[in-house]
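To keep things clear, I will list the structure first and then write my remarks on it.
In UniProt numbering, the protein residues as written are 1 to 192.
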C-alpha cells in the first residue's frame, strides 16, 4: 500500500464490521462473510502495481463511469505512457525500451476488465509505433483497439526544459485523449 502511495488504517478482524472506510484489504482467513464495504484479498498483491490501482478503482467505482481502459503512448527515444481506467489516470510513466513497454502494457490489458480496451499511439515515430504494435500483438492474446494518432501540438512547453521525460508523459496523456486511425488487433491465434 505504501508503494501505491495510499493512506490506510490497520484494523483487527473484529473491527471490520464497524469500520467507516470505503475499502477493506484483508486475508482470506480474516475476511468477513458480509461487509458493507468492498473487500480486496491479499492475492491482489501478486499483480502489477498499475493493475492493483485499477482493481481498487474498479471496486470503488459508482458504476457511472464508462468501462474503458485507455492507454496513450508517445513513441520516441523516451517513450511516454499514460494509462486511464474508468475515467481516472492510474499511471504515467517513461520507458526507453519498446519491449519493456509492451510487456508492461500486456500485463495491464490482461489484468484489468473493461468493455473497451483502447491503445492510442502517436504517429511521430512510426518505426517505434509499429514495433510496439507488433510486440503487443505477440504478448497479449486477446483483441484490443489500436489507433494511430496525429501527435502534433501534444508536446506542451514546460517551464523547466530539463524535467526529464515530463513532456513525453504529458504528450502520452494528450495522445490518449485524441482520436485517430482505428485498427482492430486480433490475436495471432485468430489471424494465423
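Where a beta carbon is used, it is the ideal one built from N, C-alpha and C, also for glycine.
Check whether residue i and residue j have beta carbons under 7 Å apart
i           : j           : result
residue 81  : residue 176 : no
residue 109 : residue 79  : no
residue 107 : residue 14  : no
residue 29  : residue 41  : no
residue 35  : residue 59  : no
residue 120 : residue 151 : no
residue 45  : residue 85  : no
Rounded C-alpha distance that separates residue i from residue j
i           : j           : result
residue 99  : residue 75  : 12 Å
residue 11  : residue 95  : 38 Å
residue 26  : residue 53  : 16 Å
residue 153 : residue 67  : 28 Å
residue 9   : residue 24  : 9 Å
residue 143 : residue 18  : 43 Å
residue 192 : residue 131 : Residue confidence for residue 192 is low, a pLDDT of 42 falling below 50, so the modelled location carries little weight; the figure read from the coordinates is stated next. Going by the C-alpha atoms only, they are around 19 Å apart.
residue 87  : residue 62  : 12 Å
residue 89  : residue 149 : 19 Å
residue 190 : residue 137 : With a pLDDT of only 45 at residue 190, under 50, the local geometry of the prediction cannot be trusted, and no value is derived from it.
residue 5   : residue 163 : 22 Å
residue 93  : residue 103 : 14 Å
residue 33  : residue 22  : 17 Å
residue 170 : residue 57  : 22 Å
residue 165 : residue 77  : 10 Å
residue 7   : residue 20  : 14 Å
residue 193 : residue 125 : Here the chain comprises residues numbered 1 to 192, so residue 193 is not present and cannot be evaluated.
residue 55  : residue 127 : 33 Å
residue 97  : residue 16  : 44 Å
Local Cβ density within 10 Å of residue i, reported as buried at 16 or more and exposed below that
i           : result
residue 174 : buried
residue 116 : exposed
residue 134 : exposed
residue 70  : buried
Contacting residues, own chain, Cβ-Cβ under 6 Å from residue i (five flanking each side not counted)
i           : result
residue 140 : 106, 109
residue 91  : 50, 83
residue 114 : 67, 68, 69
residue 178 : 149
residue 43  : none
Cutoff 8 Å; reference residue i; Cβ partners in own chain excluding five residues on either side
i           : result
residue 129 : 73, 75, 121, 122, 123, 148
Neighbourhood of residue i by C-beta, 7 Å cutoff - its chain only, sequence neighbours within 5 removed
i           : result
residue 180 : 120, 147, 148, 149, 150
residue 65  : 86, 87
- request: Tell me the start and end of each unbroken beta strand (DSSP E) in the segment 24–92 that is at least 3 residues and wholly inside, in chain order.
  value: 38–41, 68–74, 79–85
Where in the segment 102–184 do unbroken runs of the beta strand (DSSP E), each at least 3 residues long, occur, reported from the N-terminal end onward?
116–122, 144–149
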